[in-house]
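Visitor: Numbering follows our numbering, in which position 283 of the sequence shown is assigned residue number 296; successive positions increment by one, without gaps. Idealized CB from N, CA, C, for every residue including glycine. Let me begin by handing over the structure; questions about it come next.
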Amino acid sequence: MTPSHAWFTAEHEHRGRSLRTLRGNNGLGVGGCRTSRRRLSLVAALLFVTALLAPAIAQARDLVVFGEPTLEKALKSVGTLWQTRTGTRVNVFVAPTDLSYAQIERGARCDVIFALVGAATDDAARGKIIHADTIRRALRNSLVLVGSDPGATPRSKATLADIGRLIASKRLAIANPDRDVAGARALDLLRKLGITVDDSNKAVAVAESSAGVVSLLSANKAQLGIVYATDALSGFKLVVPLPTLDQLPIDYVVARARDPELDAQPFLEFLKSPEAKATFTSAGLTPIDD
Numbered sequence: 014m015t016p017s018h019a020w021f022t023a024e025h026e027h028r029g030r031s032l033r034t035l036r037g038n039n040g041l042g043v044g045g046c047r048t049s050r051r052r053l054s055l056v057a058a059l060l061f062v063t064a065l066l067a068p069a070i071a072q073a074r075d076l077v078v079f080g081e082p083t084l085e086k087a088l089k090s091v092g093t094l095w096q097t098r099t100g101t102r103v104n105v106f107v108a109p110t111d112l113s114y115a116q117i118e119r120g121a122r123c124d125v126i127f128a129l130v131g132a133a134t135d136d137a138a139r140g141k142i143i144h145a146d147t148i149r150r151a152l153r154n155s156l157v158l159v160g161s162d163p164g165a166t167p168r169s170k171a172t173l174a175d176i177g178r179l180i181a182s183k184r185l186a187i188a189n190p191d192r193d194v195a196g197a198r199a200l201d202l203l204r205k206l207g208i209t210v211d212d213s214n215k216a217v218a219v220a221e222s223s224a225g226v227v228s229l230l231s232a233n234k235a236q237l238g239i240v241y242a243t244d245a246l247s248g249f250k251l252v253v254p255l256p257t258l259d260q261l262p263i264d265y266v267v268a269r270a271r272d273p274e275l276d277a278q279p280f281l282e283f284l285k286s287p288e289a290k291a292t293f294t295s296a297g298l299t300p301i302d303d
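Have a look at this one:
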């Protein structure tokens, strides 16, 4: 199986609306680096072209799978199982759901997509970017508070008050609420705790994504972080599931894309097997039964 390509990231960063918290008055980002706008634009354009070409490079006998970035490791592992069983290689490409749909609409090759439940998927079904009759809720993710210090882990399910005590007097990293569901949920939780996320609050760092939060923790630029459960498998000493606070679950559907070049039905059926479900579970996901 060939390596995955985070090939939509540059376009997403280029066109996405940034939070003010991503940059200070001196023009430095979260990591403290000044970036040339012209240089970023050139890189974004180059990677955008690559985004269109990359799936086309995959041979017709290979299966092309699109998915959310936080699902990358799980999809790679399931792809390896499928290749071992059938000999068919699985090429995994990751990007936020809306960008994946945009690329399919523009002609990028895709056989199967794992996408977030929500408006983007509803629109894709109406626009026949995916086959509506193949859409199935397949996986559920969750959010956790992680850190390198074990701390005082609650004995039972953590409450909002428990989370407030854990993050008190510590620097917390969250994903960008405008670009990542994990960040939007984290922002909602912080607001319920009375914590403001803006330039004046240096106790909260904003990364581009859940994976970016993990990077900040690894670089000791934050003590705690709120990430997807799928991004919390890096040996953190503190891992506390967050309360849902009456929020909808973070679910992903699987569906066949508009113009698949390979019969994806056997692979879709394989996803329901005990072997595939065990792989998803070990990656921090909860398989959803029909």
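#1: Check whether the Cβ atoms of Ala81 and Ala128 lie closer than 9 Å to each other.
#2: Report the start-end ranges of each beta strand (DSSP E) in the segment 239–280 that is 3 residues or longer and not cut off at the edges.
#3: Could you give the residue range of the alpha helix (DSSP H) that holds Ile301?
#4: Taking just the CA atoms, how far does Val77 sit from Gly100?
#5: Skipping 5 residues on each side, what residues in its chain have a beta carbon closer than 6 Å to that of Ser222?
#6: Should Lys290 be labelled buried (16 or more other beta-carbon atoms within 10 Å of its own) or exposed?
#7: Give me the residue from Pro279, Leu281, Gln278 and Asp264 with the minimum Cα distance to Leu156.
#8: Could you give the DSSP three-state label for Ala108: helix, strand or coil?
#9: What's the gap between the Cα of Phe249 and the Cα of Ser161?
#10: Does the Cβ of Pro163 have 16 or more other Cβ atoms within 10 Å, making it buried, or fewer, making it exposed?
#11: Identify, in the order they occur along the chain, each residue of the same chain with its Cβ nearer than 7 Å to the Cβ of Thr133, setting aside the five sequence neighbours on each side.
#12: Looking only at C-alpha atoms, which of Val240, Arg184 and Leu202 sits nearest to Ala216?
#13: In three-state DSSP terms, what is Ala174?
#14: Is the distance from the Cβ of Thr292 to the Cβ of Ala87 below 9 Å?
#15: In the DSSP assignment, the beta strand (DSSP E) including Gly160 goes from what residue to what residue?
#16: I need the DSSP call for Ala121, collapsed to helix, strand or coil.
#17: Once DSSP output is grouped into helix, strand and coil, what is the label at Arg192?
#18: Which partner residues does Ala137 have in the DSSP bridge list?
#19: Out of Gln116, Glu282, Ala121 and Phe79, which one is the CA nearest neighbour of Asn104?
#20: Which of helix, strand or coil does DSSP assign to Ile208?
#21: Could you tell me if Ala220 is buried or exposed, where buried requires 16 or more neighbouring beta carbons within 10 angstroms of its beta carbon?
#22: Going by alpha carbons, who is nearest to Gln236 out of Asp276, Val91, Leu158 and Gly92?
#23: Could you give the distance in angstroms between the alpha-carbon of Asp259 and the alpha-carbon of Asp201?
Guide: In short:
#1: Here residue 81 refers to the residue found at position 68 of the sequence shown. Here residue 128 refers to the residue found at position 115 of the sequence shown. Note that residue 81 is Glu in the sequence shown, not Ala. Judged by beta-carbon spacing, Ala128 lies within the 9 Å limit of Glu81, meaning their Cβ atoms are closer than that value.
#2: Those beta strand (DSSP E) runs which fall completely within the segment 239–280 and span 3+ residues are 251–254 and 263–269.
#3: As a first step, residue 301 is located in the sequence shown; it is residue number 288 there, counting from the start. First-last for Ile301: undefined, no H or E at that position.
#4: As a working note, residue 100 is residue 87 in the sequence shown. As a working note, residue 77 is residue 64 in the sequence shown. Across the structure, Gly100 and Val77 are spaced so that their CA atoms are roughly 14 Å apart.
#5: Counted from its first residue, the sequence shown places residue 222 at position 209. Ala188 and Asp193, listed in sequence order.
#6: The count along the sequence shown starts at 1 and reaches residue 290 at position 277. Burial of Lys290 is indicated by the presence of at least 16 other C-beta atoms within 10 angstroms of its C-beta.
#7: On the sequence shown, residue 156 is found 143 positions in, with the first residue counted as 1. That would be Asp264, whose Cα lies nearest to the Cα of Leu156.
#8: The residue labelled residue 108 in the question sits at position 95 within the sequence shown. Ala108: coil per DSSP, three-state reduction.
#9: As a working mapping, residue 249 is identified with position 236 in the sequence shown. As a working mapping, residue 161 is identified with position 148 in the sequence shown. Rounded to the nearest angstrom, the two C-alpha atoms are 5 Å apart.
#10: To locate residue 163, count along the sequence shown from 1; it is residue 150. Taking all protein chains in view, the Cβ of Pro163 is surrounded by fewer than 16 other Cβ atoms within 10 Å, so the residue is classified as exposed.
#11: In the sequence shown, residue 133 corresponds to position 120, counting from 1. The amino acid at residue 133 is misidentified as Thr; the sequence shows Ala. Cβ within range, chain order: Thr110, Asp111 and Tyr114.
#12: Mapped onto the sequence shown, residue 216 falls at position 203. Check the Cα spacing between Ala216 and each of Val240, Arg184 and Leu202: the tightest is with Arg184.
#13: Taking the first residue of the sequence shown as 1, we reach residue 174 at position 161. Ala174: helix per DSSP, three-state reduction.
#14: The residue given as residue 292 occupies position 279 in the sequence shown. The residue given as residue 87 occupies position 74 in the sequence shown. For Thr292 and Ala87, yes; Cβs fall inside 9 Å.
#15: Here residue 160 corresponds to residue number 147 of the sequence shown, with the count starting at 1. Gly160 -> beta strand (DSSP E) spans Leu156 to Gly160.
#16: Within the sequence shown, the letter at position 108 stands for residue 121. Ala121 falls in the coil class under three-state DSSP.
#17: On the sequence shown, position 179 is the one that residue 192 refers to. In this structure, Arg192 counts as coil in the three-state DSSP scheme.
#18: Locating residue 137 in the sequence shown gives position 124, where the first residue counts as 1. Paired residue(s): none; Ala137 is not in a bridge.
#19: Residue 104 sits at position 91 when you count from the first residue of the sequence shown. Relative to the Cα of Asn104, the nearest Cα in the group Gln116, Glu282, Ala121 and Phe79 belongs to Phe79.
#20: Mapped onto the sequence shown, residue 208 falls at position 195. Ile208 falls in the coil class under three-state DSSP.
#21: Translated into the one-based positions of the sequence shown, residue 220 becomes position 207. Flag for Ala220 reads buried.
#22: Looking up residue 236 in the sequence shown gives position 223. The residue with the shortest Cα to Cα distance from Gln236 is Leu158.
#23: Working through the sequence shown from its first residue, we reach residue 259 at position 246. Working through the sequence shown from its first residue, we reach residue 201 at position 188. The alpha-carbon atoms of Asp259 and Asp201 are separated by roughly 11 Å.
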